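Novice: Taking the numbering used here, I'd label the letters of the sequence shown as residues 1403 to 1825.
All residues carry an ideal CB built from backbone N, CA and C; glycine is no exception.
Keep in mind it's a predicted model, so treat the numbers as computed, not measured.
Starting off with a structure, shown below.
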Amino acid sequence: MPHADCHDAMDRLLTFNEAVTAALQSIQPIYAIEPVSLLDAEGRVLAADVLAHLDVPPGDNSAMDGFAVYLSDLRQGAVTRLLVVGRSLAGHPYPGPVPRGVAVRITTGALIPEGPDAVIMQEQCRVDPEDAWIEIEPDIAARLRPGENIRQRGEDVRAGTVLLPRGRRLRCQDIALVAGQGIARLGVVKQPRVAVASTGDELYEPGTELPSGAIYESNRYLLMGLLRRLGCIVTDLGILRDDREMLLQTLRHAAAHHDVLLTSGGVSVGTADLVKDVIAELGRIEFWRLAVKPGKPVTFGRIQDCLALGLPGNPVSVMVSFLLFARPLLVKLMGMEPIEPMRWPVLADFAFRRKPGRREWLRVQLQLDPERKPLARLYRTNSSGALSSLSWADGLVELPEDCANVMPGDYVDYLPFSSLGAE
Ligand code: AMP
Ligand code: MG
């Protein structure tokens, strides 16, 4: 493609980092907040810090089933026998202080009664069949330390500390932590409304009959799923024909009612590639074309307050440009803490020829070699149309702009799909 190369040389493409930085700067996070109950909070984004107002645990309690004792009651060099004077069960504490020279039976999670300073495990005592007394061998007694098997009040969470920061995307374990504070509702950021469209005269819905020369539409199934997993409210605009008037009308209307417009196809340089022009006519293009592969024609613009993201049409370009480019923008819009995907150093199990210049992502599967070193394997074809490669891969290898040919055994950066929200 001598023409394209010549064009590249004349007006330099934006690098990936320049593009992401510029786009991020132009995005204001959504400030509208709504309350949700804990059962509806998974995946939502905290609108404010959540402060702990309780110590967890609320009092010193036992980490084991056993007996609460005074360490100083245990004899050196001889067996100690202690009377068992009562029980402290989870939810049923022992009432009042414990006199010296006796033991209290205690279960896991039960409050340590007033007085004793250690819990001895049941398995480490000889217990009277009637539970009237216990005996402790001197070597066991010698090893018991003050506070042993006792969970201190507040050792998990201290009242007054930040339990979770604003911007945290709530996972199940975060919600469990909040529940432990007795909090039943949380203030979360309102979800962005994202309209998704696929463009192209050749596209038909699955379940319909396919005319010759046509293909089934697949990009919306990918994009809508990724958006929902991220926590967006998705409107399906369906398949849009390569028709300027119709695109103008549909995209104008969608932009007025959504925070983000996400399209695929129609941003390249063919005669039917109308999406970019339509965005420009309805609003403005901030930039178009990045020094990346795949996904070079990515378009970023605005139609009034609506972000307009035009992804290329090839399924692989769609997935890669969504995960690497669109996703960080949505993350900022959603008020989330920035998330850099994990980049793990792994060994290339392949040779790959390329010229430095663009940032490039390859679809790979990770395997362990006989020495348990991680090896990245390449898919059988590097075509950006190959949907099968996306289904086959478990992640991407990222080659930076200045990287030239890759040889087997070279270290490369691996980005698991799981760290990009595409598990
Ligand atoms: P475009 O960017 O519109 O030129 O499309 C690039 C390539 O991706 C063409 O081969 C299209 O047929 C294909 N393509 C575009 N949109 C879709 C889609 N929604 N599903 C499957 N393939 C698509
Ligand atoms: Mg097209």
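Using DSSP's beta-bridge definition, name the partner residues of phenylalanine 1752.
Specialist: Phenylalanine 1752 is not bridged to any residue.
Novice: Would DSSP call serine 1600 helix, strand or coil?
Specialist: Strand.
Novice: Would asparagine 1551 be called buried (16 or more neighbouring beta carbons within 10 Å of its own) or exposed?
Specialist: Buried.
Novice: Can you grab the Cα-Cα spacing for the pair arginine 1774 / serine 1820, in whole Å?
Specialist: About 21 Å.
Novice: Any heavy atom of the ligand MG inside 8 Å of the beta-carbon of glutamate 1604?
Specialist: Answer for glutamate 1604: yes, Cβ within range of the ligand MG.
Novice: Can you tell me which of the three DSSP states alanine 1411 falls into?
Specialist: Here the model assigns alanine 1411 a pLDDT of 46, short of 50, so the residue's position is not dependable and the matter cannot be decided.
Novice: Just to check, is the beta-carbon of arginine 1622 closer than 8 Å to a non-hydrogen atom of the ligand AMP?
Specialist: Yes, Cβ of arginine 1622 sits closer than 8 Å to a heavy atom of the ligand AMP.
Novice: Indicate, with yes or no, if the ligand AMP has a heavy atom lying under 8 Å from the CB of alanine 1788.
Specialist: Not under cutoff, so the answer is no.
Novice: Is the beta carbon of valine 1733 less than 9 Å from the beta carbon of histidine 1660?
Specialist: Taking 9 Å as the Cβ cut-off, valine 1733 and histidine 1660 do not qualify as a contacting pair.
Novice: Measure the CB-CB distance between methionine 1736 and glutamine 1575 and report whether it falls below 9 Å.
Specialist: Not a contact, by the Cβ cut-off of 9 Å.
Novice: What residue from Gly1549, Pro1497, Ala1450, Ala1657 has the CA that sits closest to glutamate 1683's CA?
Specialist: Of the listed residues, the one whose Cα sits closest to glutamate 1683 is Ala1657.
Novice: Between the alpha carbons of methionine 1403 and tryptophan 1763, how many angstroms are there, rounded?
Specialist: With a pLDDT of only 36 at methionine 1403, under 50, the local geometry of the prediction cannot be trusted, and no value is derived from it.
Novice: Can you tell me which residues form a DSSP beta bridge with proline 1818?
Specialist: Per DSSP, Gly1797.
Novice: How far does the alpha helix (DSSP H) with aspartate 1679 in it reach, from first residue to last?
Specialist: Start and end: 1677-1684.
Novice: Alpha carbon to alpha carbon, what distance is there between methionine 1523 and glycine 1479?
Specialist: Rounded to the nearest angstrom, the two C-alpha atoms are 20 Å apart.
Novice: Beta carbon of valine 1700: closer than 8 Å to some heavy atom of the ligand AMP?
Specialist: Flag unset: Cβ of valine 1700 not near the ligand AMP.
Novice: Alanine 1578: buried (16+ other C-beta within 10 angstroms of its C-beta) or exposed?
Specialist: With fewer than 16 Cβ atoms within 10 Å of its Cβ, alanine 1578 is classed as exposed.
Novice: Between valine 1799 and alanine 1454, what straight-line distance do the alpha-carbon atoms span, to the nearest angstrom?
Specialist: Computed Cα separation, rounded: 41 Å.
Novice: Within 10 Å of its beta-carbon, does aspartate 1407 have 16 or more other beta-carbons around it, so buried, or fewer, so exposed?
Specialist: Only weak support is given to the placement of aspartate 1407: the predicted model assigns it a pLDDT of 44, under 50, and the value that follows is read from those uncertain coordinates. By the neighbour-count rule (16 or more Cβ atoms within 10 Å), aspartate 1407 is not buried but exposed.
Novice: If you check the beta carbons only, do leucine 1440 and alanine 1586 fall under 9 Å apart?
Specialist: The answer is yes: Cβ separation under 9 Å.
Novice: What number of angstroms, rounded off, separates the C-alpha of methionine 1765 from the C-alpha of tyrosine 1623?
Specialist: Checking the sequence shown, residue 1765 turns out to be arginine, not methionine. Going by the C-alpha atoms only, they are around 19 Å apart.
Novice: Are the CB atoms of aspartate 1519 and valine 1458 nearer to each other than 9 Å?
Specialist: Result no, Cβ atoms of aspartate 1519 and valine 1458 do not sit closer than 9 Å.
Novice: So, are the CB atoms of valine 1590 and alanine 1449 less than 9 Å apart?
Specialist: Yes, the pair counts as a contact, with Cβ atoms nearer than the cut-off.
Novice: Tell me the residue span of the beta strand (DSSP E) that contains aspartate 1638.
Specialist: Run containing aspartate 1638: 1635-1642, per the beta strand (DSSP E) assignment.
Novice: DSSP state of asparagine 1463, grouped into three classes?
Specialist: Here asparagine 1463 sits in strand by DSSP.
Novice: Tell me, to the nearest whole angstrom, how far the beta carbon of glutamate 1537 is from that of arginine 1483; I am working on the premise that it is less than 8 Å.
Specialist: About 5 Å; that satisfies the 8 Å criterion.
Novice: Please name the residue or residues paired with threonine 1482 in a DSSP beta bridge.
Specialist: Threonine 1482 pairs with Ile1538.
Novice: Looking at the unbroken alpha helix (DSSP H) that takes in alanine 1561, where does it start and where does it end?
Specialist: Run containing alanine 1561: none; DSSP gives neither H nor E here.
Novice: Are the beta-carbon atoms belonging to leucine 1780 and glutamine 1769 less than 9 Å from one another?
Specialist: No, these two residues do not count as a Cβ contact at 9 Å.
Novice: If I measure Cβ to Cβ from proline 1495 and keep anything under 6 Å in the same chain, skipping five residues before and after, which residues do I get?
Specialist: Only Leu1513 meet the Cβ criterion.
Novice: Below 8 Å on the Cβ atoms is my contact criterion, and I expect valine 1669 with proline 1714 to pass it. Report the Cβ-Cβ distance as a whole number of Å.
Specialist: Sure, about 6 Å apart at Cβ, within 8 Å.
Novice: Going by Cα to Cα distance, which pick from Thr1510, Pro1499, Thr1423, Val1487 is closest to asparagine 1463?
Specialist: Here the closest residue by C-alpha is Thr1510.
Novice: DSSP has methionine 1523 in a bridge; who is on the other side?
Specialist: Note: methionine 1523 sits in a beta bridge opposite Gly1468.
Novice: For the region 1739-1753 against the region 1803-1817, are there 3 or more C-beta pairs whose distance is under 8 Å?
Specialist: With a cut-off of 8 Å, the region 1803-1817 and the region 1739-1753 count as touching, because enough Cβ pairs lie within range.
Novice: So, using beta-carbon positions, are arginine 1631 and alanine 1824 closer together than 9 Å?
Specialist: Yes, the pair counts as a contact, with Cβ atoms nearer than the cut-off.
Novice: Nearest to threonine 1701 by alpha carbon, out of Asp1815, Thr1610, Arg1691, Thr1601?
Specialist: That would be Arg1691, whose Cα lies nearest to the Cα of threonine 1701.
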